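Student:
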Amino acid sequence: MEINKKEATWEELLGSNHWEDLLEPLNLDLRKLILRCGDFCQASYDAFNSDKHSKYSGSSRYGKNSFFQKVELESGSDYFVDTFLYATSRVDVPEAFLLHSYSREAWDRESNWIGYIAITSTKSVKQMGGGKYTFLGEEP
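Following the working numbering, the numbering of the sequence shown begins with 14 at its first residue and continues without gaps.
(1) In terms of alpha-carbon separation, which member of G28, A60, I16 lies closest to G76?
(2) Counting pairs of Cβ atoms below 8 angstroms between the segment 115 to 133 and the segment 66 to 74, do you hit three or more?
(3) DSSP three-state call for Y129: helix, strand or coil?
(4) Candidates R122, N78, W126: which alpha carbon is nearest I1's?
(5) Among R122, V84, E15, S134, which has the Cα closest to the Cα of F53?
(6) Checking the sheet assignment: what are the DSSP bridge partners for N17?
(7) Would you check whether the ligand SAM has a heavy atom nearer than 6 angstroms to the C-beta of I127?
(8) Just to confirm, is the Cβ distance from T96 to I127 under 7 angstroms?
(9) Need the endpoints of the alpha helix (DSSP H) that L26 sits in, please.
(10) Starting from the Cα of N125, find the closest Cα among S134, Q82, S63 and give me that residue.
(11) Mapping DSSP to helix, strand and coil, what is A100?
(12) What is the rounded straight-line gap between the Cα of D91 and the Cα of W23?
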């Protein structure tokens, strides 16, 4: 597989030039960014408590402070969870959208944790050469 080692700016990696000269062959930095974004999404899947018998069903298994350590995200120390995101619905929706606990002591009956907002640490900002970058991990 041929690798494109062209040095791209952060803006170019995010598509400012419609990824011109970055796709064929695939730019190494763009490949790393795509894989990192996938890892952030996988962290949401790994953290989601889908055990309907748990009173915490539909929530994150882990707290904000230990989130990336618990999901074992590579380079997780470069980020911190700023906030968790939740979804609610007052209408009946299929279980695929909102999971409800069987427990009488359920933490919530109308909402589910759907992801997080993570921000790069100050150390990582300097390494990436720019401002703070925010990533959203989302549970389906």
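Think of the CB as a built atom: it goes at the ideal place given N, C-alpha and C, for glycine as much as any other residue. Only a predicted model underlies this, so the values are computations on that prediction, with no experimental measurement involved.
Tutor: Looking at the coordinates:
(1) Nearest option by C-alpha distance: A60.
(2) As far as the Cβ criterion goes, the segment 115 to 133 touches the segment 66 to 74, which means the pair count is three or higher.
(3) Looking at Y129 - three-state DSSP - the assignment turns out to be strand.
(4) For residue 1 there is no data in the structure shown, the boundaries of the chain being 14 and 153.
(5) Checking every option, the nearest Cα to that of F53 belongs to V84.
(6) Note: N17 sits in a beta bridge opposite N40.
(7) The ligand SAM is not among the ligands present in this structure, which contains no ligands whatsoever.
(8) Taking a C-beta distance under 7 angstroms as the contact criterion, T96 and I127 do not qualify as a contact pair.
(9) From DSSP, the alpha helix (DSSP H) with L26 extends over 23 to 26.
(10) Nearest option by C-alpha distance: S63.
(11) It is a strand residue.
(12) D91 and W23: Cα-Cα distance of roughly 17 angstroms.
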